[in-house]
Every structure is written in structure tokens, then in C-alpha cells.
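Participant: Take this structure, written in C-alpha cells, and hold onto it; I'll ask about it next.
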Amino acid sequence: NQIFEEAWRYERDYFYDPGMHGRDWNKVHKRYAPLIPFVKHRADLTYILDQVNGELSVGHSFVGGGDYPKLDARSNGGLLGADFTARQGRWQIKRIYTSESWNPGLNGPLDQPGMNIKQGYYLVGINNQEITAKDNIYKFLDGTSGKQTTLHINNKPTFKGAWKEVVKPIRSENSLRQRTWVEDNRRLVDKLSGGRLAYIWVPNTGGGGFVSFNRYFFAQQDKEGAVIDERFNGGGLLDDYMVDLMTRKPRAALTNEVPNGKPMRLPAGIMGPKVLLINELAGSGGDFFPWVFRQQKAGLLIGATTWGGLVKSSSHYAMIDGGYLTAPDNAVFDPVKNEWVGENKGIAPDIAVRQDAKSLEQGNDPQLERAVKELLKQLKGKKTITPPPFSRPTKTN
């Protein structure tokens, strides 16, 4: 009962709109309080609190944690950072997800120095046990995460003649697969544009997203334009910093000391046209990013309408049992148009492009391909920066 009462008061006292979005908050209390005596589990209480907060119809309304029963530790299953396909009765390595060796979060078990493991080879055994395509690979990898594990590898679909490779399986492949998706997109943009366009993915608008933006934006400043991809953006507060960097104007250029090198621009960055890819799984800062991008006339928005969550929460309020909830306490509004921005609407694209399942299954990305097409249109007739003709001095006074 204490948790319910405190949660109700948190929303009453800290919600950004004193009018509670038109809800009579005392009536809300009367509607849900009679349910509390019937709570038998923390999940019941969490459900009720979710329903209470749901009366406000805002995106950043979260309830979580609390005094849940302790469960047995999860399985320590190992993963190899690879895709496999059944062929000739064995598991063939279809793709190996590569590493950034300096980054502990991107450590591909099969992509280590000195290993004789290649795409197209066969995994025919694990820890001295022969396996076939009838076997579930991951059954043999249970409990191996972070532990030295022996794989039996062959370039033929047979156990005879296989050699051993010692690897350390990982608990999650998410980061490896995400990096591969990003690099595949970058290569596709490079191919479709004939090397003229950059690809920059911004996974969120927090610290990690800003690092990713800087890494890809400045490293490709020789490109004539850029596809900025914020699809699946997880949010944050650094949106406007990135848009500021993308909308700076050329001030000067420097000749390059590298023989036949291109002139260097000041400020650094990609000065050509840009588009921003958006989708329904980009939210919070992922909503504000495209709004600012459009407001600053940085370029077109292409894709699907974003999530629509710009009433934000600056605090997570703690409950006595260790649980928490949010009371969204600030909202974004446009002081020029004098209107609220984005909440429950999202930011709509200038060019709507649907990601259909058939195209994705075939390895295509309609949104990305449309972005390249639009940028190449904009590049027609654009001039590159080249130094003016000059004569070198012939004598010294």
C-alpha cells in the first residue's frame, strides 16, 4: 500500500503538467486503490502502477524493479560469433563476425590472431565430441561462455582430418552483429554512390552515439555528402551538438602536404548534402534529433515516423522495495511556433519509405537505397573545393 501511495504522489507532484493531461488524479486514485489488497506478487503491483501511469498517455512512463523472488542463475551459454548452415550433414561456417581487437566488447571468438578458421570451413566437433547437422551446436556450448573451449574444424565435411582450435565463446553476439550491420551499410553506401558518400550510424544521442558520430563523421570528411542513420536510436541529450557539427559552413581550406592530396577544409567535417534516416524504433532523443535536423535545414528526413516520446523523465524515483518509476517532468516545445513537439505523434519523414520483409530477406535496404538516390540527385552540378591556380616564388628578397 505504501508503494502505491508514494507512486501516485510522485506523479501528482512531479509530472510536468499540473493539469495531469486532463485527468482527475484523485479519481484515478479511487479507481485503482481498491485493487491493492488483492496484490499477491510484485508483478501484480507493477501492473497496477503501469496502469495508473498509463492514464497520463506519455512515452517516458516506466515502472520496474522491486522485490521479486530470487531465481536460479541464468545459463552461461556460449556463442561463437558466427552463422552456420547445414551442408552435407555437417555445420558449415557461413559467416564469421569480425572483431575490433582493441575493443573488449567486440571480441569475435573465431576472429583471433593465428586461428585457422575461415568462412566455408566446417565445425565438426566441440570439446572432443563429434557433431553433425542433426545436433544442436549450442547444446555443446552450454556453460562455455568465457571459458577455453576446443573446436574441431575441417575444410571438408568429415571429422577425420579435423584440427583443433581453442576459443573463448561469448555470452552475447549483439555488439558483433550490430557492428557488422553498420559496416555492411557503410560498404553498400560506398558501392551505390561510387565512393562519393559517407555512411554514419548514430545508435543513440548519448555518449556512445556521440562517439560513433565523431568516429565516422570526421574520418570520412573527404566524401561529398553523407547518409546519417539514426534508425533504432535509443535516445539521449546530445542531438543538437551533432546537428551543429553537420550544419557548419566552410570558412577556409588548406593545401595538403601529402603529394596529390585533397585540400583540407576548415572547419573539419562533411560539408556536402546530408539526409537523415529515421524509423519507428527511434525515440526520445531519437525523436528530437530529426526535429532539430529539419529545423536547422540540415537535409531531408527519409524512412518512417519516429516513436513520439518527447515528454522526458529526468529522475527515477525509488520505492521502498528497490523498485522505481518515472514521473515525466519536462517536455519539449517549439518557442517559435508555440507548440509542443513530438509527443505521441513522432517526427514524420519528408520521404516515407517502407521496410518490407521481402526486401530485407533478400538483403536489400529500401530506406538506405532511397537515401543514396536522393543525395546523388543533390550532388549533380556541385563543385568540389580545389585550390586556385598560383605561381610559386622564383626568388627570395
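In my numbering, the protein residues as written are 10 to 406.
Where a beta carbon is used, it is the ideal one built from N, C-alpha and C, also for glycine.
As the structure is a computational prediction, the values presented were derived from the model and not from experiment.
Which partner residues of residue 101 appear in the DSSP bridge assignment?
Facilitator: The partner list for residue 101 (beta bridge, DSSP) reads 94 and 131.
Participant: Given 8 Å as the limit, is there contact between the region 309-319 and the region 367-387, that is, 3 or more CB pairs closer than that?
Facilitator: Yes, since at least three Cβ pairs between the region 309-319 and the region 367-387 fall closer than 8 Å, the two stretches touch.
Participant: Less than 7 Å separating the beta-carbons of residue 106 and residue 117?
Facilitator: Closer than 7 Å, so yes.
Participant: Taking the alpha-carbon of residue 238 as reference, which of 268, 216 and 290 has the nearest alpha-carbon?
Facilitator: Minimum Cα distance to residue 238 is reached at 290.
Participant: List the residues that DSSP assigns as beta-bridge partners of residue 393.
Facilitator: Beta-bridge pairing links residue 393 to no other residue.
Participant: Once DSSP output is grouped into helix, strand and coil, what is the label at residue 360?
Facilitator: It is a strand residue.
Participant: Tell me the start and end of each unbroken beta strand (DSSP E) in the region 196-220 that is at least 3 residues and wholly inside, in chain order.
Facilitator: The region 196-220 contains these whole beta strand (DSSP E) runs: 206-210.
Participant: In the DSSP output, what is residue 273 paired with across the bridge?
Facilitator: According to DSSP, which records beta bridges pairwise, residue 273 is partnered with 263.
Participant: List the endpoints of the continuous alpha helix (DSSP H) containing residue 16.
Facilitator: 11-23 is the extent of the alpha helix (DSSP H) around residue 16.
Participant: Can you find a CB in chain D that lies within less than 7 Å of the CB of residue 268?
Facilitator: Note that chain D does not occur in the displayed structure, where there is just one protein chain.
Participant: Do you know how far the Cα of residue 47 is from the Cα of residue 13?
Facilitator: Near 13 Å, if we compare the C-alpha coordinates of residue 47 and residue 13.
Participant: Tell me whether residue 163 sits in a helix, a strand or coil according to DSSP, three-state version.
Facilitator: Residue state, collapsed to three classes: strand.
Participant: Mind pulling the alpha helix (DSSP H) runs of 4 or more residues that sit fully within the region 226-258?
Facilitator: Complete alpha helix (DSSP H) runs here, min 4: 248-255.
Participant: With 16 as the cutoff for other CB atoms within 10 Å, does residue 219 come out buried or exposed?
Facilitator: Per the 10 Å Cβ criterion, buried.
Participant: Where do the ends of the alpha helix (DSSP H) carrying residue 61 lie?
Facilitator: Run containing residue 61: 51-63, per the alpha helix (DSSP H) assignment.
Participant: Apart from the five residues just before and just after residue 271, which ones in its own chain have a Cβ nearer than 7 Å to its Cβ?
Facilitator: Closer than 7 Å at the Cβ level, and outside the excluded window around residue 271, lie 231 and 265.
Participant: Am I right that residue 328 and residue 64 are in contact with their C-beta atoms under 8 Å? What's the rounded C-beta distance?
Facilitator: Contact flag wrong, Cβ pair sits at about 19 Å.
Participant: Check residue 28 in the structure and name its three-state DSSP category.
Facilitator: Residue 28 falls in the coil class under three-state DSSP.
Participant: Just the Cα atoms here: how many angstroms apart are residue 233 and residue 263?
Facilitator: Straight-line Cα distance between these residues: approximately 17 Å.
Participant: For residue 325, list the residues DSSP reports as bridge partners.
Facilitator: Answer by DSSP bridge pairing, in chain order: 335.
Participant: Compute the Euclidean distance between the alpha carbons of residue 346 and residue 224, then round it to the nearest angstrom.
Facilitator: When rounded, the distance between both Cα atoms is 35 Å.
Participant: May I ask you to report which of helix, strand or coil DSSP gives residue 168?
Facilitator: Note: residue 168 maps to coil in three-state DSSP.
Participant: Report buried or exposed for residue 69, applying the criterion of at least 16 other Cβ atoms within 10 angstroms of its Cβ.
Facilitator: Classification of residue 69: buried, given that the 10 Å Cβ count is 16 or more.
Participant: Under a Cβ-count criterion, where at least 16 other Cβ atoms within 10 Å of its own Cβ denotes burial, should residue 137 be classed as buried or exposed?
Facilitator: Classification for residue 137: exposed.
Participant: Kindly list the residues whose CB is nearer than 7 Å to the CB of residue 385, restricted to its own chain and excluding five residues on each side of it in sequence; keep chain order.
Facilitator: The answer, listed in chain order, is 202.
Participant: Rounded to the nearest angstrom, what separates residue 358 and residue 339 at their Cα positions?
Facilitator: Cα to Cα, residue 358 sits roughly 25 Å from residue 339.
Participant: Using 10 angstroms around the beta-carbon of residue 376, count the other beta-carbons present and answer buried if the total reaches 16, otherwise exposed.
Facilitator: Burial call: buried.
Participant: Bridge partners for residue 114 per DSSP, in chain order?
Facilitator: Its beta-bridge partners do not exist; DSSP assigns none.
Participant: Take residue 133 as the anchor and find which of 156, 162 and 111 has the nearest alpha-carbon.
Facilitator: Among 156, 162 and 111, the Cα nearest to that of residue 133 belongs to 162.
Participant: Quick one, are the C-beta atoms of residue 236 and residue 284 less than 7 Å apart?
Facilitator: Closer than 7 Å, so yes.
Participant: Using a Cβ distance threshold of 8 Å, determine whether the region 349-358 contacts the region 292-300, with at least three qualifying pairs required.
Facilitator: They touch, by the three-pair rule.
Participant: Within 10 angstroms of its Cβ, does residue 261 collect 16 or more other Cβ (buried), or is it exposed?
Facilitator: Exposed, by the Cβ-count rule.
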